Amino acid sequence: MPISRELARSLFADLTQNSAVPLAPDELVHMPGLREHGHVFLGDIAVRCYKHRARWMYDERDIRAAGRVFADMEVRLDDVVTVRLPTHHSMAEGENVEWYLPDWRRRVAAWMFDAARDKLFRQERTFSEWGAWRQVGANGLPGDLTWEEFMASRVGRRHGQNIAATRPLELLTWSGQEWLLPRAYADLLDRWEQRESEVAARARLCSSCAERSPGWLGWRTPTAQGYVTRCPPCSGAAFLKYSGHLRGVPYEKVRRRGTRADEYLCRLCKASQASVWDHCHEHGQVRGPLCGSCNSREGCATPEYFFQFEGSVEHLLECRGCNEQRSLPQRFALEVVRAHLQQTERHGQCRMRPYVREAEQQPEAGHRFLLSCSGGHTKTGTWTTDVTADEVTALVHTFVDPILVASKPLLDLGSEE
Numbered sequence: 015m016p017i018s019r020e021l022a023r024s025l026f027a028d029l030t031q032n033s034a035v036p037l038a039p040d041e042l043v044h045m046p047g048l049r050e051h052g053h054v055f056l057g058d059i060a061v062r063c064y065k066h067r068a069r070w071m072y073d074e075r076d077i078r079a080a081g082r083v084f085a086d087m088e089v090r091l092d093d094v095v096t097v098r099l100p101t102h103h104s105m106a107e108g109e110n111v112e113w114y115l116p117d118w119r120r121r122v123a124a125w126m127f128d129a130a131r132d133k134l135f136r137q138e139r140t141f142s143e144w145g146a147w148r149q150v151g152a153n154g155l156p157g158d159l160t161w162e163e164f165m166a167s168r169v170g171r172r173h174g175q176n177i178a179a180t181r182p183l184e185l186l187t188w189s190g191q192e193w194l195l196p197r198a199y200a201d202l203l204d205r206w207e208q209r210e211s212e213v214a215a216r217a218r219l220c221s222s223c224a225e226r227s228p229g230w231l232g233w234r235t236p237t238a239q240g241y242v243t244r245c246p247p248c249s250g251a252a253f254l255k256y257s258g259h260l261r262g263v264p265y266e267k268v269r270r271r272g273t274r275a276d277e278y279l280c281r282l283c284k285a286s287q288a289s290v291w292d293h294c295h296e297h298g299q300v301r302g303p304l305c306g307s308c309n310s311r312e313g314c315a316t317p318e319y320f321f322q323f324e325g326s327v328e329h330l331l332e333c334r335g336c337n338e339q340r341s342l343p344q345r346f347a348l349e350v351v352r353a354h355l356q357q358t359e360r361h362g363q364c365r366m367r368p369y370v371r372e373a374e375q376q377p378e379a380g381h382r383f384l385l386s387c388s389g390g391h392t393k394t395g396t397w398t399t400d401v402t403a404d405e406v407t408a409l410v411h412t413f414v415d416p417i418l419v420a421s422k423p424l425l426d427l428g429s430e431e
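Using my numbering, the first residue of the sequence shown is number 15, and each one after it goes up by one.
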């Protein structure tokens, strides 16, 4: 019987209320790993996620089975093993691919180093002291971090305290020389590593031709039935290529007519099935069909991040209004200004690029930006710069004009009747 995420969470919490393993039932609601492989891990148990009537759900039998396992699990606190946490190191070239592999020891160590770095940043230490957060102290923690500070830094940070819906920090202890965990729990996390690696590896295979994805997320496509792995050639063969025939058409008209976006290939990544019609919120016109991931990047990610993707600006200019006015939606226009200030402004003789963010919008005068020197050598390297509305327009024109020239001219296809 399918049950909702909320009901699954309540059922699992009731079944495991006396479990010897500290658990995080809320993970059943948040569904970590959903896009990667379509499962939520409760310890080493992979619970499959189902999409039923456009809602993500679970099979009640799976939740009850997992609950019984944790209710019966024995964890002896006097039977412990040494936990050897990795030291900090900068990520080497090519290592980012392996970074996605499950590794609970590396994850716990990363939490510690993150907390130590954040503490040092709040103390506003000088640049010469910045390396101190990487050095492990006599208490097993990096920098001058205390256990109480470390635990406090984890509060409210789900990704900073949960592994496979369990809470390892509640069982982790420092003997004075080494970190310790109950053997049964450490074995559970080791089994989780192996099991999730296997499930994720299967999810990387194209469902049509069994080609293996070069990355962990690149080929996963949301559909009405859930996430499907499909390589770009198979996606290209299965879905229509968008020709721009809705350019200039009001989004409301497309929505009312029920024109399906999922018949098309994503216009931006050109690798996944589209799921929505992206549109300009300022002009109300259709830009084109996007997959869920690209649509989230356009709507939720920072403009700086979105601009890193090939064809991102060209996609924004698919709005006929933006194209004809040589403009961009406001948040993207302000990113153009922010990048310009970061490139041209400096604090005194410092050669470091400043950190730039919008401080306030002034209806008549334009925008005020707050700049902070990132050199780490002074506490007073903060100043503001005003940019008028005319200057914003000029900067955006300078930014988009070469892109418009390089792009193919817009076809005057008119509006769909």
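Every residue gets a Cβ at the ideal spot worked out from N, C-alpha and C, and that includes glycine.
Only a predicted model underlies this, so the values are computations on that prediction, with no experimental measurement involved.
My assumption, with CB atoms under 8 Å, is that residue i sits in contact with residue j. Please give the rounded CB distance.
i	j	result
H53	V61	6 Å
A85	T30	6 Å
D132	S167	7 Å
W193	G240	Going by Cβ atoms, the distance from W193 to G240 rounds to 39 Å, so no, they are not a contact pair.
P156	H102	7 Å
P69	V97	Just to set this straight, residue 69 is Arg in the shown sequence, not Pro. The pair is not a contact, with the Cβ atoms about 39 Å apart (cut-off 8 Å).
R345	V370	R345 to V370, Cβ: 14 Å. No contact.
R205	D58	4 Å
Where does residue i fall in DSSP's three states?
i	result
A373	strand
F320	helix
Y256	coil
V169	coil
R340	coil
L282	coil
E60	Residue 60 is actually Ala in this sequence, not Glu. In this structure, A60 counts as strand in the three-state DSSP scheme.
Q356	helix
Q208	helix
L219	strand
D426	Only weak support exists for where D426 lies, its pLDDT of 46 falling under 50; the coordinates are left without a value.
D132	helix
P303	strand
R119	helix
T407	helix
L99	coil
W291	strand
Tell me which same chain residues have a C-beta within less than 6 Å of the C-beta of residue i, skipping the five on either side of it?
i	result
F413	V350
C280	S286, A288, L304, C305 and C308
G81	F26, L29 and T30
With distances taken between CB atoms, is the gap from residue i to residue j smaller than 8 Å?
i	j	result
H381	L355	no
V268	V290	no
A200	V43	no
R218	R334	no
A432	L159	Lying before the first or after the last residue shown, residue 432 is absent from the chain, which here runs from 15 to 431.
C223	W233	no
Y265	G298	yes
E312	D292	yes
Who are the Cβ neighbours of residue i in its own chain at under 8 Å, not counting the five residues just before and after it?
i	result
I17	L25, M71, Y72, D73, E74 and I77
R121	I177
I417	V327, E328 and L331
M165	L183
R372	Going by the sequence as given, residue 372 is Glu instead of Arg. The residues are L348, R352, H381, R382, F383 and L384.
When the Cα of residue i is compared with those of the options, which residue comes out closest?
i	options	result
P100	A152, D93, R90 and A123	A123
L91	R121, T358, P36 and R136	P36
Y64	G362, D58, L48 and R340	L48
S249	Q344, R172, R360 and D276	D276
P246	H259, Y256, E225 and P236	E225
Confirm the yes/no value for this check: CB of residue i, any heavy atom of the ligand FAD, distance under 7 Å.
i	result
L99	The ligand FAD is not part of this structure, which contains no ligands at all.
Quick one: what's got a C-beta closer than 7 Å to residue i's C-beta in the same chain, skipping five residues either side?
i	result
V419	none
Under 8 Å between C-beta atoms, does residue i make it to chain D?
i	result
V300	Of the chains in the structure shown, none is chain D; there is only one protein chain.
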